[in-house]
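Visitor: Below you will find the structure I want to go over with you.
Protein chains: 2
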Amino acid sequence: MNVGIKDVARVAAVSPATVSRVLAGRPVDPDMRDRVMAAVHETGYRPNLAARRLRSRHTNTIGLIVADIRNPFFTAVSRTVEAIAYDRGLRVIFCNTDEDAAKEAMYLQLMQEERVTGVILAPTREGADRIAHVESDFPIVLIDRAAPNASCDSVVIDNAAMAAKLVVHLHRLGHRRIAGLFGTDTVTGRERCDGYRRAMEECGIPGQVVPVPHEREQAQRVIAALLEDASRRPSALVVSNSVMLQSVLRVADALELEIPRDLALTSFDNEPWMEFVGGGLSVIEQPVEEIGRTAVTMLMDRLDHADCVTRRVVLAGRFIARGSGGRGVEA
Amino acid sequence: MNVGIKDVARVAAVSPATVSRVLAGRPVDPDMRDRVMAAVHETGYRPNLAARRLRSRHTNTIGLIVADIRNPFFTAVSRTVEAIAYDRGLRVIFCNTDEDAAKEAMYLQLMQEERVTGVILAPTREGADRIAHVESDFPIVLIDRAAPNASCDSVVIDNAAMAAKLVVHLHRLGHRRIAGLFGTDTVTGRERCDGYRRAMEECGIPGQVVPVPHEREQAQRVIAALLEDASRRPSALVVSNSVMLQSVLRVADALELEIPRDLALTSFDNEPWMEFVGGGLSVIEQPVEEIGRTAVTMLMDRLDHADCVTRRVVLAGRFIARGSGGRGVEA
DNA sequence: AAAACCACAGAGAACGTTTTCCCTGCTAGG
DNA sequence: CCTAGCAGGGAAAACGTTCTCTGTGGTTTT
Numbered sequence: 003m004n005v006g007i008k009d010v011a012r013v014a015a016v017s018p019a020t021v022s023r024v025l026a027g028r029p030v031d032p033d034m035r036d037r038v039m040a041a042v043h044e045t046g047y048r049p050n051l052a053a054r055r056l057r058s059r060h061t062n063t064i065g066l067i068v069a070d071i072r073n074p075f076f077t078a079v080s081r082t083v084e085a086i087a088y089d090r091g092l093r094v095i096f097c098n099t100d101e102d103a104a105k106e107a108m109y110l111q112l113m114q115e116e117r118v119t120g121v122i123l124a125p126t127r128e129g130a131d132r133i134a135h136v137e138s139d140f141p142i143v144l145i146d147r148a149a150p151n152a153s154c155d156s157v158v159i160d161n162a163a164m165a166a167k168l169v170v171h172l173h174r175l176g177h178r179r180i181a182g183l184f185g186t187d188t189v190t191g192r193e194r195c196d197g198y199r200r201a202m203e204e205c206g207i208p209g210q211v212v213p214v215p216h217e218r219e220q221a222q223r224v225i226a227a228l229l230e231d232a233s234r235r236p237s238a239l240v241v242s243n244s245v246m247l248q249s250v251l252r253v254a255d256a257l258e259l260e261i262p263r264d265l266a267l268t269s270f271d272n273e274p275w276m277e278f279v280g281g282g283l284s285v286i287e288q289p290v291e292e293i294g295r296t297a298v299t300m301l302m303d304r305l306d307h308a309d310c311v312t313r314r315v316v317l318a319g320r321f322i323a324r325g326s327g328g329r330g331v332e333a
Numbered sequence: 003m004n005v006g007i008k009d010v011a012r013v014a015a016v017s018p019a020t021v022s023r024v025l026a027g028r029p030v031d032p033d034m035r036d037r038v039m040a041a042v043h044e045t046g047y048r049p050n051l052a053a054r055r056l057r058s059r060h061t062n063t064i065g066l067i068v069a070d071i072r073n074p075f076f077t078a079v080s081r082t083v084e085a086i087a088y089d090r091g092l093r094v095i096f097c098n099t100d101e102d103a104a105k106e107a108m109y110l111q112l113m114q115e116e117r118v119t120g121v122i123l124a125p126t127r128e129g130a131d132r133i134a135h136v137e138s139d140f141p142i143v144l145i146d147r148a149a150p151n152a153s154c155d156s157v158v159i160d161n162a163a164m165a166a167k168l169v170v171h172l173h174r175l176g177h178r179r180i181a182g183l184f185g186t187d188t189v190t191g192r193e194r195c196d197g198y199r200r201a202m203e204e205c206g207i208p209g210q211v212v213p214v215p216h217e218r219e220q221a222q223r224v225i226a227a228l229l230e231d232a233s234r235r236p237s238a239l240v241v242s243n244s245v246m247l248q249s250v251l252r253v254a255d256a257l258e259l260e261i262p263r264d265l266a267l268t269s270f271d272n273e274p275w276m277e278f279v280g281g282g283l284s285v286i287e288q289p290v291e292e293i294g295r296t297a298v299t300m301l302m303d304r305l306d307h308a309d310c311v312t313r314r315v316v317l318a319g320r321f322i323a324r325g326s327g328g329r330g331v332e333a
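See below:
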C-alpha cells in the first residue's frame, strides 16, 4: 500500500487539504508547513500524478509528435523542447510517427485521451491537410512543416529563400546543371522545391526536380537513376535534408563518383560529419534550438490568448560555405 | 465540459459500468455492446487516461531514460523501444539526462510519481552506483551501461571483446601505435577500455589509454593534445563511440591529418556517414533494435516474475571492416 | 467598542473512471 | 416443478488528489 496525502496529514496532525496547500506552495502557517514537510520526508510520500491531474484538470503535459526521430534535425529539436519544457515544469510525451499518417492520427487521439495541455507537431502531408479540418481540445503548434495558410500557429524556416541560396552558391561556382532532390511527402519539400525552381529561373538555367520518396531503398533507386548515366548526370545537387543526403552519398560511392569533383553536393541541415565528406559540404544550418524554444513559447502563449489570431514565425537558416566554395559562414 | 462515461451511458441507456465493460472488452450482451459503441461514436467520447490510471492502479507506462539523445545509438534504441512499447499498448515517457546525474535522479523520482510500470535506463556512472542501493517501486532494466554485478536486469553488448576486435584489426594492418579513447564517465567506457588493454597486451604492444570527457570542447582539447605532436602521434585510434569520433575528426581536420594515411580510425557504432569519411571506417555495429526489443521484453517478463534472479543479456556486436582494411562484415 | 473584514484551516464534494457487490432472470439438474 | 448455479447488468464505493465552502480567530475600520 502506497503512502498518500492522508497518511502525511495524519502524521503531521493536519488536514489533507493543508498538506495539499503546502505542497502547492500556497500560504500556510510556517509552523504547519514545517510539520508537513517533516511528515513528507518521514513517510517518503510521493504525489500521485494521475490523481493530481484528474482532480486539478490540468495535466501540465505537452505532446511532441515528430515524423522521424532518426533525422538529426528532429532529434535536436526534440532535445531542446524537452529541456525547455521540463524547465517550465511541463512533462513531454514523445511520439514518433515514421512518416505514417495513421500513426500520427493515432497519436493525436492519444493526446486527446491524455488531455494534454498542447501539442507540438511536425505533421505528415496528409496530417497537415487533416489538421486544417479537425478541431482539437488543445492548441497545436506546427514545426518544420506548415503550409502558409495553416490554421495553427507554426514555426518554420524560410525554405524557399534557403534553397535559393544553395542554388546561387552552386551557380557562382560555375555549375549549370543543378538538380534538386526534394521529399514528396512534406510541405517543407515542396517549399524548398519552389525556392529551387525560382532561383534556377533567375539564374537563367533549366531546373531538374527529382522527387525522392522517404523510404531509403526507394530513395536510392531514384537517385541511382539520376546519377548513373554520366552523359546526363547533373554536376551539382541541392539536397533537401541530411537523411536524403546519406542516400545520395551511398549511391555516389557505389558509382565511384568523387565528391565534389564528379558531383558537387549541397544540403539542408548541418551535421558534424558534413565537414568531413567531399572536402566539406556547403549547407543550410537550421536554428534547431530556436525552433524548439519558439514552439514551446508559442504554445504557452496560446494558452493565455486562446483566440489571438494565428501566428507564423519564419526563422532564417544559416548558409555555411565549405569545401571548394571556400570556408565561412554567411547569414 | 467534456463528455464522460456517464454521458455515454445516458445516451446508450445503460449503466456507466456497462460502458466501462464494453470498452474493456469484457463479456456484454451484443445488443448492448452495439448501443454503447453507437453512443461512443455519437458523443465523440474519449476516455480520460488520468482517471483510468488512478482507479485501475496500473498505468501501462514505461519510462525510458537515456543519457544523450544526440548520440545516434540512443536515438536508434529509443525508436525501437517506442515502436515495440506502443505495439504492446504501453505508453513511453521519454527522458534525456544529458549525462547529468542530478537530472537522472530527478527523472527517476518523476517515474515514481507517474507510478510507471517499469523503467528502461541507460544510467550515468553515478546513477549506476546509486541504483544498486536504492529500491524502487518498479522494475528497472539497464541498457548499454551496466556493471556485471548490477542489481537490476540488464542488456548490454560484449564491450571488451568488441574493443579487442578493433585492436586486432588494426594490429593486422600493421599498426603498432594504437591509442584508445574512452569515456571517463560510463561503465561502457571502462569495459571497452579493459578490452582494449588486454588485447594490446596480447598483441605484445604497449597500450595508450586516453580518457575523454563527455563535453565536446573539452574532448577536442584532449584529443588535440594527443594528436598535435607528429613525433608522438599514434598511427591508429580505437574510439569509443560515434560522438567522440566526430570530435576526433574535427581535430584531425584542423591539424590537416589525412584519414587513414596519417591516422587510421576505428570506432564503436555504425552510422551511414562512416562509409564516406577516410575511405570508409571499420567499426563495431551495435544491434540497436535487438537491444531495444530485449529491454522491453525483459521488463514485461520481470513484471510476471518479480522475484526471479537478476538476468544479464550480453549481445554480440558486429565488426564491419571497411577502407584500407578491406570491405566486408565479420561476425 | 462593535462591525466588517481577512487569513487560514478543516470538512467534504468532486474529478472520471474501474471495481466490488448484489440482484435479477435464465438454464440445468434432480 | 423446484432449486441450485450462473451470467450479466446496475448501484455505489473507491482510487488520491484538489477545490469549494464554511468556520474561527484575529485585525482593521468606523
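Quick note, the sequences are listed as chains A and B, same order. To convert, note that position 60 of the first sequence is 62 in the working numbering; the numbers rise steadily by one, no gaps. To convert, note that position 163 of the second sequence is 165 in the working numbering; the numbers rise steadily by one, no gaps. Where is the CB? At the ideal position from N, CA and C, for every residue including glycine.
In the DSSP assignment, what are the bridge partners of Gln210/A?
Guide: Paired residues: Ala181/A.
Visitor: Taking C-beta pairs closer than 7 Å, name the residues in chain A that Ala53/B reaches, listed in chain order.
Guide: Under the 7 Å cutoff, chain A gives Leu56.
Visitor: Taking only beta-carbon positions, decide if Ile71/A is within less than 8 Å of chain B.
Guide: Taking Cβ atoms only, chain B reaches closer than 8 Å to Ile71/A, which makes this a yes.
Visitor: In the DSSP assignment, find the beta strand (DSSP E) that holds Asn98/B and state where it starts and stops.
Guide: Arg93 to Asn98 is the span of the beta strand (DSSP E), which, as asked, contains Asn98/B.
Visitor: Using the three-state DSSP reduction, which class does Ala323/B fall into: helix, strand or coil?
Guide: Residue state, collapsed to three classes: strand.
Visitor: Drop a sphere of 10 angstroms on the beta-carbon of Arg55/A, count the other beta-carbons inside from all chains shown, and report buried for 16 or more, exposed for fewer.
Guide: Buried, since its Cβ has 16 or more Cβ neighbours within 10 Å.
Visitor: Exposed or buried, which one is Thr296/A when buried takes at least 16 other CB atoms within 10 Å?
Guide: Label assigned to Thr296/A: buried.
Visitor: So which residues on chain B does Asp255/A lean against when the C-beta distance must stay under 8 Å?
Guide: Chain B residues near Asp255/A: Glu277 and Phe278.
Visitor: Per DSSP, what kind of secondary structure is Val315/B in: helix, strand or coil?
Guide: Reduced to three states, the DSSP call for Val315/B is strand.
Visitor: Candidates Arg324/A, Ile286/A, Asp303/A and Arg174/A: which alpha carbon is nearest Ala318/A's?
Guide: Ranking Arg324/A, Ile286/A, Asp303/A and Arg174/A by Cα distance to Ala318/A puts Ile286/A first.
Visitor: Consider the Cβ of Glu84/A: report whether some Cβ of chain B lies at a distance smaller than 8 Å.
Guide: Answer yes: the Cβ-Cβ gap between Glu84/A and chain B drops below 8 Å somewhere.
Visitor: Based on DSSP bridge pairs, tell me the residues matched to Val121/A.
Guide: Answer by DSSP bridge pairing, in chain order: Gly65/A and Ile142/A.
Visitor: Examine chain A for any beta-carbon lying closer than 8 Å to the beta-carbon of Asp9/B, and answer yes or no.
Guide: Answer no: the Cβ-Cβ gap between Asp9/B and chain A never drops below 8 Å.
Visitor: Name, in chain order, the residues that DSSP records as bridge partners for Leu287/B.
Guide: A small correction: the amino acid at residue 287/B is Glu; Leu does not occupy that position in the sequence shown. In DSSP, Glu287/B forms a bridge with Arg320/B.
Visitor: Compare the C-beta of Ser80/B with all C-beta atoms of chain A and state if any pair is closer than 8 Å.
Guide: Yes, contact with chain A.
Visitor: With a threshold of 16 other CB atoms inside 10 Å of the CB of Pro32/B, please say whether the residue is buried or exposed.
Guide: So Pro32/B ends up on the exposed side.
Visitor: Give the interface partners of Thr77/B over in chain A, defined as CB-CB distance under 9 Å, in chain order.
Guide: What Thr77/B touches in chain A: Ile71, Arg72, Pro74 and Thr77.
Visitor: Name the chain A residues that come within less than 8 Å of Glu115/B, Cβ to Cβ?
Guide: Simply Arg48, Pro49, Asn50 and Leu51.
Visitor: Per DSSP, Ala52/B is paired with what?
Guide: Looking at the DSSP assignment, Ala52/B forms no beta bridge with any residue, so it has no partner.
Visitor: Which partner residues does Ser269/A have in the DSSP bridge list?
Guide: BP columns for Ser269/A point to Val241/A and Val285/A.
Visitor: Going straight from the alpha carbon of Thr99/A to that of Val68/A, what length do you get?
Guide: Their backbone Cα atoms lie some 6 Å apart in a straight line.
Visitor: Using 8 Å as the cut-off, can you tell me whether the region 90-98 of chain B makes contact with the region 139-147 of chain B, which would need three or more C-beta pairs spanning the two stretches below that distance?
Guide: The answer is no - the region 139-147 of chain B does not touch the region 90-98 of chain B, with fewer than three Cβ pairs under 8 Å.
Visitor: If I follow the unbroken alpha helix (DSSP H) through Val136/A, where does it start and stop?
Guide: Neither: Val136/A is in no alpha helix (DSSP H) and is coded neither H nor E.
Visitor: Do we get a CB-CB distance below 8 Å when we pair Gly330/A with the residues of chain B?
Guide: Residue placement at Gly330/A cannot be trusted, given a pLDDT of 47 that sits under 50; what the coordinates show is reported in the next sentence. No, no contact with chain B.
Visitor: Report back the beta-carbon spacing between Ala201/B and Ala166/B to the nearest angstrom; my notes put them in contact at under 8 Å.
Guide: With a Cβ gap of about 4 Å, Ala201/B and Ala166/B count as contacting.
Visitor: Taking all protein chains shown into account, decide if Leu305/B is buried (16 or more other Cβ within 10 angstroms of its Cβ) or exposed.
Guide: Exposed, because fewer than 16 other Cβ atoms sit within 10 Å of the Cβ of Leu305/B.
Visitor: Please look up how many angstroms separate the CB atoms of Leu283/A and Leu257/A, rounded, as I've assumed it's under 8 Å.
Guide: Going by Cβ atoms, the distance from Leu283/A to Leu257/A rounds to 18 Å, so no, they are not a contact pair.
Visitor: Quick one: list the residues of chain A neighbouring Asn98/B, beta-carbon separation under 7 Å, in chain order.
Guide: Correct list: Arg81 and Glu84.
Visitor: Do you know whose CA, among His135/B, Arg192/B and Gly185/B, lies nearest Ala163/B's CA?
Guide: Residue Arg192/B is the option with its Cα nearest to Ala163/B.
Visitor: Within the 8 Å Cβ cut-off, does Pro274/B reach chain A?
Guide: Yes - at least one Cβ of chain A is within 8 Å of the one on Pro274/B.
Visitor: For the alpha helix (DSSP H) containing Val352/A, name the first residue and the last one.
Guide: The requested residue 352/A does not occur in the structure, where chain A is confined to residues 3 to 333.
Visitor: Suppose you measure from the CA of Lys8/B to the CA of Ala11/A; what does that come to, to the nearest Å?
Guide: Each residue's alpha carbon lies about 32 Å from the other.
Visitor: Does any residue of chain B have a CB that is nearer than 8 Å to the CB of Leu229/A?
Guide: So, not an interface residue.
Visitor: Going by beta-carbon coordinates alone, are Met147/A and Thr190/A separated by less than 8 Å?
Guide: At residue 147/A the sequence reads Arg, which differs from the Met that was named. Yes, these two residues count as a Cβ contact at 8 Å.
Visitor: Distance, Cα to Cα, Gly294/B vs Ile71/B?
Guide: Those two C-alpha atoms are separated by around 14 Å.
Visitor: So, is the C-beta of Gln248/A closer than 8 Å to a C-beta in chain B?
Guide: For Gln248/A, the answer is yes, since a Cβ of chain B falls inside 8 Å of its Cβ.
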